[in-house]
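Remarks on the structure that follows.
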């Protein structure tokens, strides 16, 4: 009998404590789950919309299980502020995900590196070396040159009033900008072909991208002794870091890391940039008042010069409102990349425990009726007072995220979008194909690395005649 009493004394207290802890938990509400798959069956093809609908029923902070992983969905600006500002350090890790595809090397996409010394070092390289204001400005001539080529190409189409696939044009533009910023001037011949790169990039063939990056790295190694500093591109810079870098957490910066950074640069830069431009042309085409107002501002600013350069973008206040309003309604990544919590904290009084994934639904936040008047309407003037920006301090508008995991390429991305839009609106008036009305423009979405316009945007350009 004494053995049973002893066992009871050993077992009962931990069980009581465990039950008490379970009773004290105050978890966020959420929909009921199924065994094994959890709530995966409740995510539709457009998960940001499915989660938005669930938030209307269960509130701005809900808990689900995606498979066996506890996941919290945040769908309000106030709750997002709690996560990204007040509990940034508690939730700034990443779930350990590896890149899929048949890669000839093994690396972890730096966007998904868990929080620690190694991630901080990679972040420092991105912020101080790759996306610093000075570095971004050094590629200004590339952006202006590529936009000029785009305008010339469209001008040829305008002579015969043919319909132009603007979706295709803008994807090609962003790919070319990223390509030349990373790889430098165009290489000719079998070693490098820009058209081939665009094809590989759009097909998302990781195996082919790996081989392509290695080819270009080898080419840069051959020519590194003959380059001046002002001629250096991103690969030159990364190779220099490889030569000088010491180990970080036992890992030495290598060519594999260069490829990982390039993968981030292209897959996280080309699609979102092109997607934003496409939506930013689509919405004004559907709202002629907005298009006219933006064009009048640009044409008054530039006069008869015939092009907008980057130095003039700061003067285009209404254009900047157009970009903000586009990103509010059509953020390229409607769900911020998932964070993983590292310690216990509370959001809106709910307990959030370690190893929980947190998604911020910025698409839903852009439609909060308590924050935005007439949230479904496209009204750039809502940003006229200049109080809300997208740099991570205003949680009502988070296309680039916020906190430690905010996008370091914000300056490069916004500059690219504004420059292209300004010149497209300056140089052309835009008409819909014959027989179409504004209300006929399809606005259906399709999910990918970014949320695309499902049907390509096709417009008829009419060259603007300067008076």
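Residue numbers (the numbering used here): 367 to 833.
Think of the CB as a built atom: it goes at the ideal place given N, C-alpha and C, for glycine as much as any other residue.
Just confirm the distance between the C-beta atoms of residue i and residue j, as a whole number of angstroms; I'd bet it's less than 8 Å.
i           : j           : result
residue 439 : residue 727 : 6 Å
residue 782 : residue 543 : 6 Å
residue 734 : residue 412 : Wrong, their Cβ atoms sit about 18 Å apart, outside the cutoff.
residue 414 : residue 645 : In fact, because the Cβ distance is near 14 Å, the residues do not count as touching under 8 Å.
residue 599 : residue 549 : 6 Å
residue 720 : residue 534 : About 45 Å separates the two Cβ atoms, so there is no contact after all.
residue 638 : residue 816 : 5 Å
residue 443 : residue 762 : 5 Å
residue 531 : residue 739 : That pair is no contact at about 35 Å.
residue 605 : residue 627 : Between residue 627 and residue 605 the Cβ distance is about 11 Å, and since that is not below 8 Å, they are no contact.
Alpha carbon to alpha carbon, what distance is there between residue j and residue i?
i           : j           : result
residue 545 : residue 641 : 17 Å
residue 404 : residue 431 : 5 Å
residue 554 : residue 602 : Legend: pLDDT at residue 554 = 40, less than 50; position of this residue unreliable, no value from coordinates given.
residue 651 : residue 657 : 7 Å
residue 456 : residue 654 : 46 Å
residue 669 : residue 609 : 49 Å
residue 625 : residue 580 : 8 Å
residue 667 : residue 587 : 44 Å
residue 419 : residue 425 : 10 Å
residue 502 : residue 410 : 38 Å
residue 819 : residue 703 : 20 Å
residue 526 : residue 826 : 10 Å
residue 450 : residue 768 : 6 Å
residue 541 : residue 495 : 21 Å
residue 758 : residue 459 : 18 Å
residue 800 : residue 618 : 59 Å
residue 429 : residue 492 : 33 Å
residue 499 : residue 402 : 48 Å
residue 712 : residue 724 : 13 Å
residue 512 : residue 770 : 32 Å
residue 673 : residue 519 : 15 Å
residue 748 : residue 693 : 13 Å
residue 448 : residue 741 : 23 Å
residue 766 : residue 705 : 14 Å
residue 623 : residue 490 : 14 Å
residue 468 : residue 524 : Low confidence applies here, because residue 468 scores a pLDDT of 36, under 50, leaving its location unreliable and the question unanswered by this model.
Report yes if the C-beta distance between residue i and residue j is below 8 Å; otherwise report no.
i           : j           : result
residue 828 : residue 803 : no
residue 505 : residue 547 : yes
residue 830 : residue 773 : no
residue 676 : residue 509 : yes
residue 322 : residue 718 : Summary: the structure shown does not reach residue 322, with the chain confined to residues 367 through 833, and so no result is reported for it.
residue 683 : residue 756 : no
residue 427 : residue 480 : no
residue 408 : residue 421 : no
residue 722 : residue 436 : yes
residue 777 : residue 497 : yes
residue 406 : residue 434 : no
residue 753 : residue 643 : no
residue 775 : residue 635 : yes
residue 685 : residue 662 : no
residue 575 : residue 647 : no
Any idea if residue i is buried or exposed, counting beta-carbon neighbours within 10 angstroms, 16 or more meaning buried?
i           : result
residue 391 : exposed
residue 743 : exposed
residue 707 : buried
residue 736 : exposed
residue 514 : exposed
residue 687 : buried
residue 789 : buried
residue 700 : buried
residue 517 : buried
residue 696 : buried
residue 649 : buried
residue 507 : exposed
residue 488 : buried
residue 400 : exposed
residue 806 : exposed
residue 809 : exposed
residue 538 : buried
residue 632 : buried
residue 482 : exposed
Any alpha helix (DSSP H) of 4 or more consecutive residues that is wholly inside the segment 394-482: 413-424 and 443-447
Kindly provide the ranges of any beta strand (DSSP E) runs that are 3 or more residues long and lie completely inside the segment 690-724, ordered along the chain. 711-713 and 716-718
For a minimum of 4 consecutive residues, which ranges assigned as the alpha helix (DSSP H) are wholly contained in the segment 749-815? If we require 4 residues or more, the alpha helix (DSSP H) runs fully inside the segment 749-815 come out as 776-793.
Enumerated in chain order, which unbroken segments of the alpha helix (DSSP H) with a length of 4 residues or greater are wholly contained in the segment 489-547? 499-504 and 506-524
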